[in-house]
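Inspection log for the structure reproduced underneath, given as structure tokens.
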Amino acid sequence: MTQSPKPNSPFATHTARSVSLRIAGLPGAAIVLSFGLVLSVWALLGAWSEVPDTILPAPWDVWGAALELWYNGSLLTDLGASLGRAGIGFAIGSTLGIGVGLLTGRVAIARVMLGPVLSLLRPIPAIALVPLAIVWFGIGEGSKYFVVSYTVFLAVWFNTHHGMQYLPETYLRAARSLGATPRREFVSVMLPSVAPHILAGVRLGVALSFLSLVAAELSGASSGLGFRLQEARQYIRTDRMFALLIILGALGAAADFVVQRLGAKLVHWEQA
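This is the structure we're talking about:
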């Protein structure tokens, strides 16, 4: 019989490293295992008669509710409305956040004038602005765009501002000693250095765009995933609530994955 390697032997160490590398190289297996475990526990609780469906619907009931939304056509309509609002609000908020963050991070007068005000606005949650947004822009699309772009703007601004403010001065001195013009200094030194911070802010903004979107759609909307959640609550359709929450989570995870992959290609020097 072949003897198993001793725990502290070089062969055992090499084997453990190989196994860990194989596991690390299979993120799909980890995802399947994680979701499989959660679904198994969820199915057991759903099958337990002591837990009412209005509290915790079974996975198959949630799947049935999702199919019901799909076949009656409301899911596609709500997805289109929500993705459009989140996309437009994210584009406005991230663009303004990057621009203002670059400005306040390097220009002292802009930092003094805008920094305290923006720091005061950051703790205000998006849902608290919904009544004000309705007063300002009505119950149409403008109020939704405002709430989403406000939330995204603050997240992207903070990360961009932080990266720009703490840019190592040695980089700038080295560029100036080589005769770089201010434009060349900005394009070749500042932007590459602050790009990872911008990417982190954009990834956070993607997640916050969906969070604030639901807050915006909970009142004054006639379509969208947030509106459908509110409707399901009124009719105590917990299965629909779970289905819509899972769809929202999947959309957010997919958007974050896309931004992460694009960021890895654009900010490739950070991966080295």
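Residue numbers (this note's numbering): 98 to 369. Don't be surprised by glycine CBs; every beta carbon is placed ideally from N, CA and C. The structure presented is a predicted model; accordingly, all values stated were derived computationally and were not measured.
The beta carbon of Tyr242 is closer than 7 Å to those of Arg182, Ile185, Gly186, Ile189 in its chain, skipping five residues each way along the sequence. Look at Ala183 here: in three-state DSSP terms it is helix. Residue state for Leu341 is assigned as helix, using DSSP reduced to three classes. The residues Phe324, in chain order, have a CB closer than 6 Å to that of Ala318 in the same chain once the five nearest residues on each side in sequence are set aside.
Straight-line spacing of the CA atoms in Leu211 and Arg219 works out to 12 Å. Distance check between Thr151 and each of Arg334, Leu348, Leu130 places Arg334 closest, using alpha-carbon atoms only. Our two residues, Val284 and Glu165, have alpha carbons roughly 52 Å apart in a direct line. The three-state secondary structure of Pro220, taken from DSSP, is coil. Val138 sits exposed, since fewer than 16 C-beta atoms from the chains shown fall within 10 Å of its C-beta. If only uninterrupted beta strand (DSSP E) runs of at least 3 residues are considered, none is enclosed by the segment 275 to 336. For Val159, the uninterrupted alpha helix (DSSP H) segment begins and ends at 156 to 168. Between Gly198 and Thr257, the C-beta spacing is below 8 Å. Beyond the five residues adjoining it in sequence on each side, Pro156 comes within less than 7 Å, by CB distance, of Leu136, Trp139, Ala140, Gly143 in the same chain, given in chain order. The shortest CA-to-CA distance from Val214 to any of Pro149, Ile224, Thr201 is the one to Thr201. Comparing alpha-carbon positions, the option among Ile206, Ala163, Leu269, Ser171 lying closest to Glu282 turns out to be Leu269. The beta carbon of Ser290 sits closer than 8 Å to those of Gly260, Leu264, Pro265, Tyr268, all from its chain and outside the five residues before and after it, given in chain order. Beta-carbon to beta-carbon, Gly194 and Val232 are separated by about 24 Å, too far to satisfy the 8 Å threshold. Under the criterion of beta carbons closer than 8 Å, Ala312 and Val244 qualify as touching, at roughly 6 Å. Ser171 is not a Cβ neighbour of Glu314, given a cutoff of 8 Å.
The C-beta distance from Leu310 to Leu326 rounds to 11 Å, too long to meet the 8 Å contact threshold.
If you draw a 10 Å sphere on the C-beta of Ile236, you find fewer than 16 other C-beta atoms in it, and that means exposed. Around the beta carbon of Val129, fewer than 16 other beta carbons sit within 10 angstroms, so the residue counts as exposed.
The Cβ neighbour count for Phe132, taken over all protein chains shown within 10 Å, is under 16; the residue is labelled exposed. DSSP, read as helix, strand or coil, puts Tyr263 in coil.
With a beta-carbon spacing of about 11 Å, Thr248 and Ala225 fall beyond the 8 Å limit used to define contacts.
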